[in-house]
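Numbered per my numbering, the sequence shown spans residues 22 to 295. These notes are about the structure you will find just below.
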Amino acid sequence: YTKVSHCDAGAVLPEHYISNTQRSSEDFFKNDALKYSVKEYKIELKPLFSAFELRPFALTTLRSFLLFYLPLLEPSLNIEEDEEDFPQDSTEERRVDLVVPLKKSVKQIIRETTVVTTRRILERLAVIYVSQRMAWKLLKDVPKSAVRKSQRGMPATVYFFRVSRTTFRGHLLGVTAAWIVQTGIEIYRCFSRITNSDESDEANVTVRAKLLGKKISGITIRCGASLIFASIGAGICATLFRPSVGQWIGCAAGDLAGPIIVSVCLEKVFHVDL
Numbered sequence: 022y023t024k025v026s027h028c029d030a031g032a033v034l035p036e037h038y039i040s041n042t043q044r045s046s047e048d049f050f051k052n053d054a055l056k057y058s059v060k061e062y063k064i065e066l067k068p069l070f071s072a073f074e075l076r077p078f079a080l081t082t083l084r085s086f087l088l089f090y091l092p093l094l095e096p097s098l099n100i101e102e103d104e105e106d107f108p109q110d111s112t113e114e115r116r117v118d119l120v121v122p123l124k125k126s127v128k129q130i131i132r133e134t135t136v137v138t139t140r141r142i143l144e145r146l147a148v149i150y151v152s153q154r155m156a157w158k159l160l161k162d163v164p165k166s167a168v169r170k171s172q173r174g175m176p177a178t179v180y181f182f183r184v185s186r187t188t189f190r191g192h193l194l195g196v197t198a199a200w201i202v203q204t205g206i207e208i209y210r211c212f213s214r215i216t217n218s219d220e221s222d223e224a225n226v227t228v229r230a231k232l233l234g235k236k237i238s239g240i241t242i243r244c245g246a247s248l249i250f251a252s253i254g255a256g257i258c259a260t261l262f263r264p265s266v267g268q269w270i271g272c273a274a275g276d277l278a279g280p281i282i283v284s285v286c287l288e289k290v291f292h293v294d295l
């Protein structure tokens, strides 16, 4: 049979045992909370109309005028060389049209300022409609982030991947803004040509719609190439050179070279003209 023993002596706890246990638990969790604090995401929004500030607007204006007026210098130099062989040419043939480059420069200024303003609007929409962490990643200063990553002692491949990923996120809103503006311009041109055209039949509308779809597809491919090549270029240059300057140069170079490379490859391989 089973032997069972009974004891009437109750367990005696020391005085203030429960209060001391509660105090120790509070101190432990307080110190643990100080040790593992919650990360704060500081988001600094730039002014909505920052594109119209003095320095950015002056740079945009200078770049636009140089883009369309510098090509006029090359024909003038060629004409001066031809004058030595044919001095009887009239002055009317040497006259250069300065109005057309002026109109193109003004349109380019309007386009660039519209892209920047559209990006500022997208930044504010991101702050409102996405999480604070994702908005911080989309709006962070990418060159400064590249410098901080370089101080962590990462391997070169890991550093390249991290900088490329950060550049992709930081460049995404700018490329999206450019896509929206360019697509809006093409849609406006399509509808204006349809309304101003004498031929209002369905065949003309169908042709215009197909042409619009082709142009929007080309814009999408070029913007995607710009985003991808800018991210890769930023990662390569930040790894090979100084992180801040290298990231900026690589991003700018990839942004310009990406659409050109993709357009040439599609034209050579698939015979597709973007």
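Even for Gly, the Cβ is constructed at its ideal location relative to N, Cα and C.
_Assigned secondary structure, Val-25 (DSSP; H/G/I helix, E/B strand, else coil)_ = Reading the sequence shown from its first residue, position 4 is the one you call residue 25. Per-residue confidence for Val-25 stands at a pLDDT of 49, beneath the threshold of 50, marking its modelled position as unreliable; no derived number is given.
*Whole-Å CB distance - Gly-279 paired with Ala-255, under 8 Å assumed*: Looking up residue 279 in the sequence shown gives position 258. Looking up residue 255 in the sequence shown gives position 234. No, Gly-279 and Ala-255 are not in contact; Cβ-Cβ is about 12 Å, not under 8 Å.
*Can we say the segment 158-170 touches the segment 254-272, given the rule of at least three CB pairs closer than 8 Å?*
Flag = yes, the segment 158-170 and the segment 254-272 touch.
*Using DSSP with H/G/I as helix, E/B as strand and the rest coil, what is Arg-263?*
Stepping through the sequence shown from its first residue, residue 263 is reached at position 242. Looking at Arg-263 - three-state DSSP - the assignment turns out to be coil, as it is neither helix nor strand.
_For Gln-129, which residues in the same chain have their Cβ closer than 6 Å to its Cβ, ignoring the five residues on either side in sequence?_
Translated into positions along the sequence shown, residue 129 becomes position 108. Once the five neighbours on either side are set aside, the close Cβ partners of Gln-129 are Ser-85.
*List the whole-angstrom C-beta distance separating Ile-253 from Ser-185, where the pair is believed to meet the contact cut-off of C-beta under 8 Å.*
The residue labelled residue 253 in the question sits at position 232 within the sequence shown. The residue labelled residue 185 in the question sits at position 164 within the sequence shown. About 6 Å; that satisfies the 8 Å criterion.
*asked:* If you reduce the DSSP assignment to three classes, tell me which class Ile-215 lands in.
replied: Looking up residue 215 in the sequence shown gives position 194. Looking at Ile-215 - three-state DSSP - the assignment turns out to be helix.
*Does the beta-carbon of Gly-205 have 16 or more other beta-carbons within 10 angstroms, so that it is buried, or is it exposed?*
The residue given as residue 205 occupies position 184 in the sequence shown. In summary, Gly-205 is exposed, with fewer than 16 beta-carbon neighbours lying within 10 Å of its beta-carbon over all protein chains present.
_Boundaries (first-last residue) of the alpha helix (DSSP H) holding Ser-126_ = Position 105 of the sequence shown holds residue 126. Its alpha helix (DSSP H) spans residues 120-150.
*Cβ shell of Ser-218 (< 7 Å), same chain only, five flanking positions each side left out*: The residue you call residue 218 lines up with position 197 of the sequence shown. Asn-225, listed in sequence order.
_So the candidates are Phe-212, His-192, Val-163, Gly-195; which of them puts its Cα closest to the Cα of Leu-232?_
For this step, residue 232 is matched to residue 211 along the sequence shown. It is Phe-212.
_I'd like to know if the segment 58-77 and the segment 136-145 are in contact, where contact means that at least 3 CB-CB pairs between them fall below 8 Å._
By the criterion of at least three beta-carbon pairs nearer than 8 Å, the segment 58-77 is in contact with the segment 136-145.
*What number of angstroms, rounded off, separates the C-alpha of Glu-133 from the C-alpha of Val-127?*
As a first step, residue 133 must be located in the sequence shown, where it is residue number 112. As a first step, residue 127 must be located in the sequence shown, where it is residue number 106. Answer to the nearest angstrom: the Cα atoms are 10 Å apart.
*By the 10 Å Cβ neighbour count, where 16 or more other Cβ atoms means buried, how is Gln-172 classified, buried or exposed?*
Position 151 of the sequence shown, counting from 1, holds the residue named residue 172. Exposed is the call here.
*Taking all protein chains shown into account, decide if Tyr-150 is buried (16 or more other Cβ within 10 angstroms of its Cβ) or exposed.*
What you label residue 150 is simply residue 129 of the sequence shown in a count that begins at 1. In this structure Tyr-150 is exposed. Its beta-carbon is surrounded by fewer than 16 other beta-carbon atoms within 10 angstroms.
_Close beta carbons around Phe-89, own chain, < 6 Å, minus the five adjacent residues each side_ = Taking the sequence shown and counting its residues from 1, the one referred to as residue 89 is at position 68. Excluding residues within five positions, the ones whose Cβ falls inside 6 Å are Pro-122, Lys-125, Ser-126.
*asked:* Please identify the residue among Arg-214, Ala-274, Ile-242, Val-196 whose C-alpha is closest to the C-alpha of Val-285.
replied: One-based indexing of the sequence shown puts residue 285 at position 264. Comparing alpha carbon positions, the residue from Arg-214, Ala-274, Ile-242, Val-196 closest to Val-285 is Ile-242.
_CB of Cys-272 within 8 Å of CB of His-192, strictly_ = Here residue 272 refers to the residue found at position 251 when the sequence shown is read from its first residue. Here residue 192 refers to the residue found at position 171 when the sequence shown is read from its first residue. Yes, these two residues count as a Cβ contact at 8 Å.
_Spatial distance of Arg-154 from Leu-91 (CA atoms)_ = As a first step, residue 154 must be located in the sequence shown, where it is residue number 133. As a first step, residue 91 must be located in the sequence shown, where it is residue number 70. Their backbone Cα atoms lie some 45 Å apart in a straight line.
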